[in-house]
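Position in the sequence shown (from 1) plus 1140 gives the number in our numbering. Notes to accompany the following structure.
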Amino acid sequence: MNMKKILLLLTSFFCLYSVAQRTAIAIADKKYEKYAYIDAIKIYEKVVEKGYKSPELIKKIANAYYFNGDLQKAALWYKSLFDTPESKIEPEYYYRYAQTLKRIENYKEASYYLKVYYEKIGTNVTDSLFNFTTLVTHKNSYIVQSTNLNSPYYDFGPAYYNDEIVFASSRSDLALVKKTHQWTEQNFTDLYKASKQNDTLFFQPINFSSTVNSQFNEATAVFTKDGKTMYFTRNNYLEGKKGRDKGKNKENTTLLKIYKASFSNGTWTNIKELPINSDNFNTAHPALSVDEKTLYFASDRPRTLGGADIFKVAIKDNNQYGKVEHLGDLINTVGRESFPYLAPNGKLYFASDGHLGYGGLDIFESNYENSSFQKPINMGKPINSVSDDFGFITKDLKTGYFTSNRTEGLGFDDIYQFKPCKVTVNLHVTDTQTQDAILNPMITLQDEEGNPINTNVTYKDGFYWIEMECYKKYFLRTQHPEYETVEQPIEPVNTSISMEIQLQRTIFPFEIGTDLAKVFDISIIYFDLDKSNIRPDAARDIQKVIEVMKEYPKMHVAIRSHTDSRQTHKYNEGLSDRRAKSTFAFMVANGIEAERLTAQGFGEVELVNECADGVYCSEEDHQKNRRSEFIVTKVE
């Protein structure tokens, strides 16, 4: 075969190859435009495997992963885009790449690409938007755990309905023949409901309503307090037909709309599309204000700052609605804001990837003050993660539910429940000198600013127990009228801890005639029967008196020793005298001057109970009479 023929064959081959790749890309592009991202990715990546690669193709693969929520793979393709010298990179790609970098916890590079993005679009933003270091260390006081509502599929968007939870799921339901969603390759979602079995478990979820659920997607419902009206998200599908979107959606792609239904005679009926919808943009994820006079929702309609924003509309009588209002740029950003929820106290919760977050969608809260919502605050970990976290609801502002696609979940999206994370501090309050427990101290828990916090302090077995929230720094103040006040920090923890609090006595409550044994709660049982030697336990108690006398060098003490009634009066008088002298010698040997002490035995003449001669008593009762007292005779 001559060279001309070889060149002709090669040229023909490459032409055919090029045509084949362009045809494949054209097919993938159609799927991409119809949001069938998984199908599009399969074709695009096969084209790349065969050696064809261009900046535009890389953009579409990265975007397909990004819009389908696989930010880790999107990060790889966006990196490839930025590493390709001939790439013409629009500003939005800096933003998207930054979002994917957060997902893989590369916050340093994410901060860089975000800054470049805002510079390119000419927007001045504060450095707080890039302060990932502070955000990473922030944790909130909640315990998060997966619910048994979850399946291996998509489960998301919980809502309160009477005593049940209503949520969306793509699990299979034989009661309805469902089609597969091109975007996710999962079944279209239906609404399900489940009753609570106890504080943590639910009974088996069941189909919410055969009249509400259709052949296409239903999700994110909200109910009025009386349970008679619901708003929910659905594809534009009504009366058995799929709606055809007009305008910019030339491929007849179905969009999301909000519908309203009424509960009558045990059935959800009168299902109607709201007039705030359009065939040209999405309107989804309804939420009701506390007074149920305003509907909040997410939409990508005109005036949207980013991928989706949060709007509101007044609910009027006779199924009429007011003018749709944008919530403004304090809430909405160039990113996505969605899944609004109004708590009983009027606080707004929503998901966003445009505010400072860990990665993907994070949940934020915003207080309503002076007729407007204030700057949103990231709810922190463990509510938020590097994955998508959204669909937050709460009834009591302490417990509730949200959705996340974090990696440890059972399915693609899972519903989690949260409750306050509480730990206990086990306190043992003692005297610095005597090591004795101090009874009835005043214990106050304070926040970082020194404000007192209402908390229960319980006493058990010589210890005080205080309950506090996890991951918060506190200060503990311990007071007693006879001791110096002590304040010490408690660093953030997520497990219970023990603390030894020692107080320095300032004023001793004694005067001439005071028995130091009673002041310091010293055991009165020092001597065994018919013995005068100091027992080890008695030595520890006497040491407490020694420490006090060293602290007050002008204090004088009379040691008074007593016996029980057994043996004769004379014998007991001698025994008690030996015991007093034994105590005297012990104290002198341990540093107390002899002239500051006197010692005298009283035998059985000062019994503390009825155990006199001829009276039967237990050994325990007799022991109570064998004791030494330490009476203050002089103090300055």
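Built from N, CA and C at the ideal position, the CB exists for glycine as well. All values reported here derive from a predicted model rather than from experimental measurement.
Just checking my contact of residue i with residue j at CB under 8 Å: how many whole Å lie between their CB atoms?
i: T1595; j: L1579; result: That belief does not hold up - the Cβ atoms of T1595 and L1579 are roughly 20 Å apart, past 8 Å.
i: L1289; j: F1272; result: Actually they do not touch by this definition, with Cβ atoms about 32 Å apart.
i: E1651; j: V1775; result: 7 Å
i: Y1293; j: F1552; result: 6 Å
i: T1635; j: V1563; result: 6 Å
i: V1187; j: A1214; result: So it is not a contact: roughly 18 Å between Cβ atoms.
i: S1722; j: I1771; result: Contact doesn't hold; Cβ gap of about 17 Å is too wide.
i: G1486; j: V1430; result: 6 Å
i: T1373; j: E1358; result: 7 Å
i: P1426; j: V1362; result: 5 Å
i: Y1205; j: I1181; result: 7 Å
i: T1773; j: H1696; result: 5 Å
i: E1759; j: G1741; result: 22 Å between Cβ atoms; not a contact.
i: N1347; j: Y1371; result: Not a contact, Cβ separation roughly 19 Å.
i: I1630; j: Y1614; result: 4 Å
Closest to residue i by C-alpha separation, out of the options, would be which residue?
i: G1475; options: R1374, G1500, G1462 and K1463; result: G1500
i: G1520; options: Q1514, Y1489 and E1548; result: Y1489
i: N1280; options: Y1611, L1550, R1546 and V1352; result: Y1611
i: Q1337; options: E1304, Y1205, T1723 and E1189; result: E1304
i: T1360; options: N1712, F1542 and H1620; result: F1542
i: K1397; options: E1760, V1265 and N1375; result: N1375
i: D1339; options: I1201, R1311 and T1539; result: T1539
i: E1691; options: D1179, T1703, Q1644 and R1700; result: Q1644
i: E1769; options: G1754, D1717, E1759 and Y1756; result: D1717
i: S1335; options: V1352, Q1344 and V1755; result: Q1344
i: A1729; options: E1760, A1679 and E1713; result: A1679
i: K1515; options: I1471, P1522 and K1535; result: I1471
i: V1256; options: Y1234, N1264, T1409 and V1265; result: Y1234
i: L1616; options: K1600, Y1623, M1582 and F1348; result: M1582
i: T1598; options: N1591, P1592 and I1606; result: I1606
i: P1632; options: D1587, P1621 and N1591; result: D1587
i: A1483; options: K1365, K1400 and L1395; result: K1365
i: V1265; options: L1275, L1254 and T1274; result: L1254
i: N1524; options: L1537, D1493 and S1349; result: D1493
i: T1263; options: E1189, N1591, N1410 and T1473; result: T1473
i: T1351; options: K1412, N1302, D1295 and F1342; result: K1412
i: T1534; options: I1201, K1190 and Y1300; result: Y1300
i: N1458; options: A1577, A1168 and P1415; result: P1415
i: K1433; options: V1453, T1547 and F1421; result: V1453
i: S1544; options: K1248, A1491, N1417 and A1577; result: A1491
i: N1420; options: Y1481, L1216 and L1395; result: L1395
i: L1275; options: D1210, K1170, G1406 and F1504; result: F1504
i: A1401; options: N1353, I1593 and P1195; result: N1353
i: E1259; options: E1230, Y1247 and A1176; result: E1230
i: K1463; options: S1312, N1417 and A1250; result: N1417
i: G1743; options: G1754, I1167, R1700 and Y1756; result: R1700
By DSSP's criteria, residue i is part of a beta bridge. Which residues make up the other side?
i: H1620; result: Y1623
i: Q1763; result: The partner list for Q1763 (beta bridge, DSSP) is empty, contrary to what the question assumes.
i: T1369; result: S1402
i: V1284; result: F1558
i: G1540; result: T1534 and F1558
i: R1374; result: E1358 and K1397
i: I1261; result: DSSP output for I1261 lists no bridge partner at all.
i: N1696; result: Looking at the sequence itself, residue 1696 is His, so the reference to Asn does not match. According to DSSP, which records beta bridges pairwise, H1696 is partnered with K1774.
i: Y1332; result: F1307 and N1347
i: K1279; result: K1521
i: A1438; result: A1424 and I1450
i: A1299; result: V1306
i: P1629; result: F1615
Discussion item. I want to know whether the segment 1545 to 1561 touches the segment 1507 to 1514 - three or more CB-CB distances under 8 Å.
Written reply: no
Discussion item. Contact between the segment 1749 to 1761 and the segment 1683 to 1700 is defined here as three or more beta-carbon pairs at a separation below 8 Å; is this criterion met?
Written reply: no
Discussion item. Three or more C-beta pairs under 8 Å: does that hold for the segment 1706 to 1719 against the segment 1729 to 1736?
Written reply: no
Worksheet item: Any chance the segment 1243 to 1250 sits against the segment 1456 to 1474, with 3 or more Cβ pairs inside 8 Å?
Response: no
Worksheet item: At what residue ranges does the segment 1555 to 1627 contain a whole run of the beta strand (DSSP E), taking only runs of 3 or more?
Response: 1562 to 1571, 1582 to 1586, 1597 to 1600, 1603 to 1609 and 1614 to 1620
Worksheet item: Should the segment 1563 to 1573 be regarded as contacting the segment 1626 to 1644, the criterion being three or more beta carbon pairs within less than 8 Å?
Response: yes
Discussion item. Using 8 Å as the cut-off, can you tell me whether the segment 1433 to 1441 makes contact with the segment 1220 to 1236, which would need three or more C-beta pairs spanning the two stretches below that distance?
Written reply: no
Item to complete: Quick one: which unbroken alpha helix (DSSP H) runs of 4-plus residues sit fully inside the segment 1203 to 1238? Chain order, please.
Response: 1211 to 1223
Worksheet item: What are the uninterrupted segments assigned as alpha helix (DSSP H) that are 4 or more residues long and contained completely in the segment 1451 to 1523, given in chain order?
Response: none
Discussion item. If contact is defined by three or more beta carbon pairs under 8 Å, each pair taking one atom from either stretch, is the segment 1480 to 1499 in contact with the segment 1517 to 1534?
Written reply: yes
Item to complete: Can you check the segment 1724 to 1757 for any beta strand (DSSP E) of at least 3 residues that lies completely inside it and give the ranges in chain order?
Response: 1737 to 1741
Worksheet entry | Complete alpha helix (DSSP H) runs within the segment 1161 to 1209 (minimum length 4 residues, chain order) | 1177 to 1189 and 1195 to 1207
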